[in-house]
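Numbering (the UniProt record's numbering), first residue to last: 1 to 384.
Glycine included, every Cβ here is placed at the ideal spot set by N, Cα and C.
Remember, it's a predicted structure, so these values are computed and weren't measured experimentally.
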Amino acid sequence: MERHTPIRLGMVGGGAGAFIGDVHRIASRIDGRYRLVAGALSSTPEKAEQSGAAVGLAEDRTYSDYTEMAKREARLKDGIEAVAICTPNHLHVPVAREFLKRGIHVICDKPLSSSLAEAKRLRQTAEKADALFVLTHNYSGYPMVRLAKEMVAAGALGAIRVVQVEYPQDWMTDAVEEQGVKQAEWRADPERAGLGGATGDIGTHAYHLARFVTGLALEKLAADLAAFVPGRQLDDNAHVMMRFAGGAKGMLWCSQVAPGQENGLRLRVFGDKGALEWFQETPNQLWHTTHGEPTRRLTRNGPGTGDAAARVSRIPPGHPEGYLEGFANIYTDAALAIRAHQRGEPVPEGVDLPSLEDGIEGVAFVEACVRSSSRDAAWVELKS
1 MERHTPIRLG
11 MVGGGAGAFI
21 GDVHRIASRI
31 DGRYRLVAGA
41 LSSTPEKAEQ
51 SGAAVGLAED
61 RTYSDYTEMA
71 KREARLKDGI
81 EAVAICTPNH
91 LHVPVAREFL
101 KRGIHVICDK
111 PLSSSLAEAK
121 RLRQTAEKAD
131 ALFVLTHNYS
141 GYPMVRLAKE
151 MVAAGALGAI
161 RVVQVEYPQD
171 WMTDAVEEQG
181 VKQAEWRADP
191 ERAGLGGATG
201 DIGTHAYHLA
211 RFVTGLALEK
221 LAADLAAFVP
231 GRQLDDNAHV
241 MMRFAGGAKG
251 MLWCSQVAPG
261 QENGLRLRVF
271 GDKGALEWFQ
281 ETPNQLWHTT
291 HGEPTRRLTR
301 NGPGTGDAAA
311 RVSRIPPGHP
321 EGYLEGFANI
331 YTDAALAIRA
341 HQRGEPVPEG
351 VDLPSLEDGI
361 EGVAFVEACV
371 RSSSRDAAWV
381 ELKS
């Protein structure tokens, strides 16, 4: 068995009360590839200290200022090798720049930034840095999503004609941002979330999933954004028509005001030879139809799934793997890429990570949706 030394990991954000911080910490531990040794888990000193103690950080590796953390950790002999960024959107770029320019690898939550101009400035920093940047579009880590991508690339569906992707939730159906729900407060605040509400939070996931599986390049979109909850400043529902290079058409719906929908991310891809369907709430199944034949259900460890799904699966057939394991696959692929980078070697075969460019495209998607909606859902092109 391959021997590996855990990567020394730091974290910015993700303190007490932050759901995504626990997700990142658990995902990083699942395959034993990381050890959390430092963190600026909150900008409030008392909360930073409490949050650091709660996850077992030493006092002298607990910070309340991410710049101080980046400077000191870069000087330490046993300083962090990578940092996970789990802050609200407006802090992603400034935090990432502090660590990248010091040669510390970055694993950042999505969306990449709160504006396209800011995302492009980060690209300039990353191009000069001797460090990798990974974006945690974690749904691309699911085994059956990897299989779907492999099947599309192999021509199992023929020429792609139609792509439908949706991501409905119901947790913001009421004005929860006014009721002390921390996760809603910053997501409804343009200063912290950026231009997009639901589009930035979950629409970027849906868009990346469609792009990841199909490989299609989006040329134009027409978006109708709405903020249904009175007083809400950012969109909580979006309908987006899409035109891809080569002639394929697409539809994307994301909503956080859809009662009864918990986390309904679903992708359907239709070609001239067949179709695929994947639903995040039953992630170990992929439905495949060859035109003119009965639909078949592919399972994570079942016959015909191949290497793409197998290399990111851990447990025997019939035992469900889900959200945390898919997230862990991103972390493990990142670890493999980081260790290869440190050795001066190419990224190992099979590693498939969301990149800085994926993040820039996601922000461009949100910007285009907002621009289109402001023009009464006119067709607009993505800004590169």
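Can you grab the Cα-Cα spacing for the pair residue 1 / residue 133, in whole Å?
-> Below a pLDDT of 50, predicted positions are generally treated as unreliable, and residue 1, at 46, falls in that range; no measurement from the model is reported.
Would you call the stretch 198-205 and the stretch 343-357 in contact, with 3 or more CB pairs under 8 Å?
-> no
Looking only at DSSP bridge pairs, what is residue 289 linked to?
-> 275
Nearest-angstrom Cα distance between residue 311 and residue 256?
-> 33 Å
Mind checking which residues open and close the alpha helix (DSSP H) that includes residue 40?
-> Taken as a continuous stretch (DSSP letters only), residue 40 belongs to no alpha helix (DSSP H), being part of the beta strand (DSSP E) at 34-40.
Whole-angstrom distance between residue 228 and residue 376, CA atom to CA atom | 16 Å
To the nearest angstrom, how far is it from the Cα of residue 208 to the Cα of residue 70?
-> 30 Å
Using only alpha-carbon positions, find the residue among 12, 270, 15 and 26 that is nearest to residue 331.
-> 26
What are the residues that DSSP puts in a beta bridge with residue 10?
-> Beta-bridge pairing by DSSP links residue 10 to 38 and 83.
Spatially closest choice to residue 316 from 176, 326 and 302, by CA coordinates | 302
Sort 250, 188 and 97 by Cα distance to residue 173 and report the nearest one.
-> 188
Cα separation between residue 305 and residue 299?
-> So the two alpha carbons sit approximately 7 Å from each other.
Ordered along the chain, which non-local residues of its own chain (more than five positions away) have a Cβ less than 7 Å from that of residue 40?
-> 12, 48, 63, 64, 65, 66 and 69
Buried or exposed for residue 307, please, with buried defined as at least 16 other CB atoms from any protein chain shown within 10 angstroms of its CB.
-> Counting Cβ neighbours within 10 Å, residue 307 comes out exposed, since fewer than 16 surround it.
Alpha carbon of residue 224 to alpha carbon of residue 234, nearest angstrom = 13 Å
Which first and last residues belong to the beta strand (DSSP E) in which residue 186 is found?
-> That residue, residue 186, is in no beta strand (DSSP E); its alpha helix (DSSP H) goes 182-187.
N- and C-terminal bounds of the beta strand (DSSP E) containing residue 249 = First-last of the beta strand (DSSP E) with residue 249: 249-255.
Euclidean distance between Cα positions of residue 397 and residue 259 = Only positions 1 to 384 of the chain appear in the structure, and residue 397 is not among them; the question remains open.
If you draw a straight line from the alpha carbon of residue 251 to that of residue 53, how long is it in whole angstroms?
-> 46 Å
Beta-carbon spacing of residue 84, residue 24 below 8 Å = yes
Span separating the alpha-carbon of residue 282 from that of residue 271 = 23 Å
Should the stretch 143-158 be regarded as contacting the stretch 242-251, the criterion being three or more beta carbon pairs within less than 8 Å?
-> no
Among 204, 287 and 326, the one whose alpha carbon lies nearest that of residue 361 = For residue 361, the closest of 204, 287 and 326 by C-alpha to C-alpha distance is 204.
With DSSP run on the structure shown, which of helix, strand or coil describes residue 109?
-> coil
Distance, Cα to Cα, residue 79 vs residue 72?
-> 8 Å
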